[in-house]
Structure formats: C-alpha cells, structure tokens
Amino acid sequence: MDLAGALRPAGVETVFLGFGPPPSPAQRAEAEVLGKLDWADAPLDWLVQDESALARVPGLIDDAARRHGVDLLQVNMPTQAAGLETDRPLLVVSHSCVTTWFRAVRNSGLPPGWEWQGELNARGLARADLIVAPSQSHGEALRACYGPLPRLRVVLNAVTTPEPTRLPEKPIVIASGRWWDEGKGGRVLDAAADLTNWPVRLLGPTHGPNGAAFAAENARLDGELPHAEAIALMREAGIFVSPSLYEPFGLAVAEAGRMGLPLVLSDIPTFRELWDNVAWFVPPGDPEELAVALDRLASDPHQRRRLGEAARLRSRRFTAEAQAQAMLSLYEGLVPVPAR
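117 is the number of the first residue of the sequence shown in my numbering; add one for each residue after it.
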C-alpha cells in the first residue's frame with residue numbers, strides 16, 4: 117500500500133489483486149483510495165497442503181491482468197509466478213519464503229511433504245523477468261536455497277511512520293511481531309522476561325491463520341492493536357527488542373528506529389546489514405544473554421539516548437521516496453516509458 121501511494125506522483129496506477137483471508141472494511145477502504153481492488157477466491161501458498169490447491173492462482177492473475185489492461189505484473193509470492201502464461205513483464209518480490217524460513221529457524225531443509233513448496237518457489241523465481249528482495253541478506257538466503265538468481269535486485273523496504281517527538285520514556289521493554297510464528301523468537305523473549313528488571317510487553321497477534329499459537333508466561337501480551345495505538349505504546353517505551361531468528365527486512369524494527377528507540381536485536385544477517393553499529397546485538401536464541409543486554413541498557417540512560425538517536429538517523433535510509441524511485445527504475449527497465 118505504501119509503495120502504491122509513493123508511486124502515484126510518478127503516474128503509476130495500481131490494481132491490487134488479493135488472495136487468502138479477505139481484508140477488513142478498513143483495509144479495503146485504504147486500498148481503494150490508492151487503486152482498484154480485486155479479491156480472488158484462492159488461498160495463500162503457506163496455508164495449503166499441496167500444490168493442487170493453488171491450481172487456479174495463475175489463471176486468476178492472468179484474467180485480472182487482461183481485464184484491467186495492466187502493463188506489468190508484480191507478484192509478492194514467488195509461487196504465484198509459477199504457471200503464469202502472460203506475455204506481460206513479470207516482477208517477483210520475495211518478502212519471505214518457507215525454504216529460507218526453515219533454513220534460518222530450524223537449520224534444516226523443508227520437512228517431508230513440504231518439498232513441493234520449494235519446487236514451486238523455484239519455478240516462480242525462474243519465471244520472473246526480475247526478482248526483488250527487501251535486503252541483501254534475504255537475497256543471499258534466496259541464492260543459498262535456489263541458486264545464482266542473476267536477475268535478483270535489492271530494494272529496501274520503507275518506513276512511512278513520521279519521526280515523532282519522543283515522549284518521556286517509561287521503564288518498559290517493548291517488542292512487536294506475529295508471535296505465533298516461531299521465527300519471531302517469542303519463546304526466547306518470554307524466557308528472558310523472567311530475568312529482566314523492566315517488564316516486557318509484546319504487541320501483535322498470537323494466533324495465526326495456519327493454527328499456530330503462542331502463549332507467554334512472563335511477558336505481557338497486548339495482542340493485535342490498531343497501528344496508531346501500537347505506535348503510541350512504542351513511543352513511550354524505553355527499549356525496543358527483536359529476538360527474531362528470521363527476518364527478510366524487519367519492518368517493526370525500522371519503525372522503532374524511526375521513533376528513536378534504542379534497539380536490542382538478535383545477531384542475524386539482516387539486522388547486521390541494516391543496523392550494524394547502531395544497535396545492541398545478542399546471540400540469537402539465548403534468553404540469558406538477551407536478559408543481560410536488556411538490563412544493562414535499562415541501567416544506562418546515556419547509552420539508551422545514544423543508541424536511540426543513532427537508530428533514528430539510520431532509519432532515514434528507509435524512505436518511501438527511495439523505495440518508489442528504486443522500483444520505478446526497475447519498472448521502466450521492463451516497460452520502457454514512451455518518449456514525450
């Protein structure tokens with residue numbers, strides 16, 4: 117949505133084609149302000165048991181492209197590109213995928229019965245005219261799983277949250293994520309919360325559409341809140357933490373950085389790439405080390421101010437304007453703009 121909004125001044129019109137659980141009325145209204153919205157009666161790849169459940173997806177995409185007369189197709193899951201018969205230029209964005217997730221979170225390949233996911237992703241990536249990853253680290257993870265991918269480009273995600281005036285901080289550690297996803301490190305953070313001096317609050321859903329669930333014993337679960345409420349809570353916190361094992365980009369971290377929160381992050385490739393020298397890094401999966409880092413930072417207001425300001429400055433790299441310009445350049449390479 118943010119990218120579509122940032123592209124409008126350049127004259128790019130967007131048609132949204134959605135799959136999976138339908139949007140809320142508010143989400144639908146937000147999309148329709150920015151472009152046309154179609155919703156397809158077909159599932160997302162990670163919510164089905166086999167490839168046959170996705171058989172209708174290529175035809176639905178091709179049909180929507182014809183009906184709306186689009187010049188270029190951008191799909192946000194590689195599996196959606198597999199089987200497309202369109203002659204329109206095709207740009208595939210990989211925001212995440214199950215193969216790279218298992219490699220990072222479980223240190224394994226796909227489990228039995230999931231191999232079709234990797235094969236379908238590979239076919240979709242091979243079908244693309246260009247591939248976009250939201251970080252160099254995720255691009256390297258894709259190459260490690262799928263081969264050289266010479267048509268892969270990196271375009272960093274954007275943070276549209278404005279830089280607010282910091283409120284007087286409260287002695288709270290805050291985190292945000294989809295906690296039903298074990299890759300977010302919720303269990304590690306909950307264990308660390310039993311050892312920290314400051315209370316730990318977790319924002320975000322605890323039950324996923326795939327049936328996964330997360331429960332905490334030590335941290336406070338605030339659940340899924342409207343974005344404005346979540347941002348207001350984050351503004352008051354003293355520290356932001358992300359113990360993730362897998363992050364292709366990490367939008368919540370970037371939002372926290374934009375607000376000037378000091379960051380305590382798991383030492384994974386994406387966070388090192390984006391936040392090196394401006395965050396406190398801890399070994400992933402280690403609740404004791406995480407608790408030590410949180411307590412040390414909690415006891416050092418000067419360090420919190422220093423890291424918070426450094427994170428704010430770093431977050432200025434992730435602008436909607438920069439993302440839109442990078443994507444527009446890729447679009448124009450696929451669909452040349454007529455001379456005026």
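From the three backbone atoms N, C-alpha and C, an ideal C-beta is built for every residue, glycine too.
Values in this document were obtained by computation on a predicted structure and should not be read as measured data.
Among residues of its own chain, excluding the 5 on either side of residue i, which ones have a beta-carbon nearer than 6 Å to its beta-carbon?
{"i": "Y262", "result": "A238, L241"}
{"i": "A426", "result": "V394"}
{"i": "A147", "result": "F132, L153"}
{"i": "D310", "result": "N334"}
{"i": "R182", "result": "none"}
{"i": "G121", "result": "L150"}
{"i": "A126", "result": "L444"}
Tell me the rounded alpha-carbon separation between residue i and residue j.
{"i": "L160", "j": "R412", "result": "42 Å"}
{"i": "A280", "j": "V408", "result": "The question names Ala, yet the displayed sequence has Pro at residue 280. Rounded to whole angstroms, P280 to V408 spans 29 Å at the Cα level."}
{"i": "G327", "j": "L377", "result": "33 Å"}
{"i": "S360", "j": "G366", "result": "9 Å"}
{"i": "K152", "j": "V270", "result": "27 Å"}
{"i": "A169", "j": "N393", "result": "45 Å"}
{"i": "P410", "j": "R294", "result": "The residue you asked about is not Pro; residue 410 is Leu in the sequence shown. So the alpha carbons of these two residues sit roughly 21 Å apart."}
{"i": "G234", "j": "P264", "result": "15 Å"}
{"i": "R422", "j": "N273", "result": "25 Å"}
{"i": "D118", "j": "G324", "result": "24 Å"}
{"i": "P278", "j": "T435", "result": "10 Å"}
{"i": "V380", "j": "I177", "result": "41 Å"}
{"i": "V173", "j": "A198", "result": "9 Å"}
{"i": "L349", "j": "G449", "result": "42 Å"}
{"i": "S415", "j": "S292", "result": "22 Å"}
{"i": "L226", "j": "R282", "result": "44 Å"}
{"i": "L429", "j": "G373", "result": "8 Å"}
{"i": "P452", "j": "P403", "result": "52 Å"}
{"i": "R259", "j": "A440", "result": "25 Å"}
{"i": "F135", "j": "V164", "result": "12 Å"}
{"i": "M443", "j": "R388", "result": "24 Å"}
{"i": "P478", "j": "I347", "result": "Any answer about residue 478 is impossible in this case: the structure gives the chain only from 117 up to 456."}
{"i": "I247", "j": "N313", "result": "45 Å"}
{"i": "V275", "j": "Q143", "result": "18 Å"}
{"i": "I290", "j": "T130", "result": "35 Å"}
{"i": "S431", "j": "E167", "result": "39 Å"}
{"i": "P137", "j": "W391", "result": "33 Å"}
{"i": "G302", "j": "W217", "result": "15 Å"}
{"i": "Q288", "j": "E345", "result": "The displayed chain sequence assigns Ile, not Gln, to residue 288. Taking the straight line joining both Cα atoms gives about 16 Å."}
Within its chain, find whatever has a CB closer than 7 Å to the CB of residue i; leave out the 5 residues flanking it on each side and keep chain order.
{"i": "L337", "result": "L318, T322"}
{"i": "E340", "result": "G320, P321"}
{"i": "G424", "result": "G376, L377, P378"}
{"i": "Q196", "result": "V173, I177, G240"}
Is it buried or exposed for residue i, if we count other Cβ within 10 angstroms and need 16 for buried?
{"i": "K286", "result": "exposed"}
{"i": "E371", "result": "buried"}
{"i": "G229", "result": "exposed"}
{"i": "D306", "result": "buried"}
{"i": "R243", "result": "buried"}
{"i": "S445", "result": "exposed"}
{"i": "H254", "result": "buried"}
{"i": "S457", "result": "The question about residue 457 has no answer, for the chain in this structure spans 117 to 456."}
{"i": "R420", "result": "buried"}
{"i": "D297", "result": "buried"}
{"i": "P364", "result": "buried"}
{"i": "A145", "result": "exposed"}
{"i": "R351", "result": "buried"}
{"i": "A64", "result": "With the chain running from 117 to 456 in the structure shown, residue 64 is simply not present."}
{"i": "P250", "result": "buried"}
{"i": "A368", "result": "buried"}
{"i": "S212", "result": "buried"}
{"i": "A353", "result": "buried"}
Give me the DSSP bridge partner(s) of residue i.
{"i": "T195", "result": "None, per the DSSP bridge assignment."}
{"i": "V186", "result": "DSSP lists no partner for V186."}
{"i": "G134", "result": "W155"}
{"i": "L318", "result": "A291, L337"}
{"i": "S358", "result": "L381"}
{"i": "H323", "result": "A329"}
{"i": "R269", "result": "V248"}
{"i": "K286", "result": "A353"}
{"i": "W396", "result": "V380"}
Cβ of residue i versus every heavy atom of the ligand SAH: is any distance shorter than 8 Å?
{"i": "G255", "result": "Questions concerning the ligand SAH fall outside what the structure shown contains, since it holds no ligand whatsoever."}
Taking 8 Å as the limit between beta carbons, can you name the residues of its chain near residue i, skipping five residues before and five after?
{"i": "D383", "result": "F397, V398, P399, P400"}
{"i": "A220", "result": "A257, G299, L361, Y362, I384"}
{"i": "Y447", "result": "V128, L188, L207"}
{"i": "H418", "result": "none"}
{"i": "W162", "result": "V214, Q233, N326"}
Completely contained alpha helix (DSSP H) runs for the stretch 407 to 444, where each covers 4 or more residues = 417 to 431
Taking the runs of the beta strand (DSSP E) that are 3 residues or longer, which of them lie wholly in the stretch 198 to 229?
-> 206 to 209
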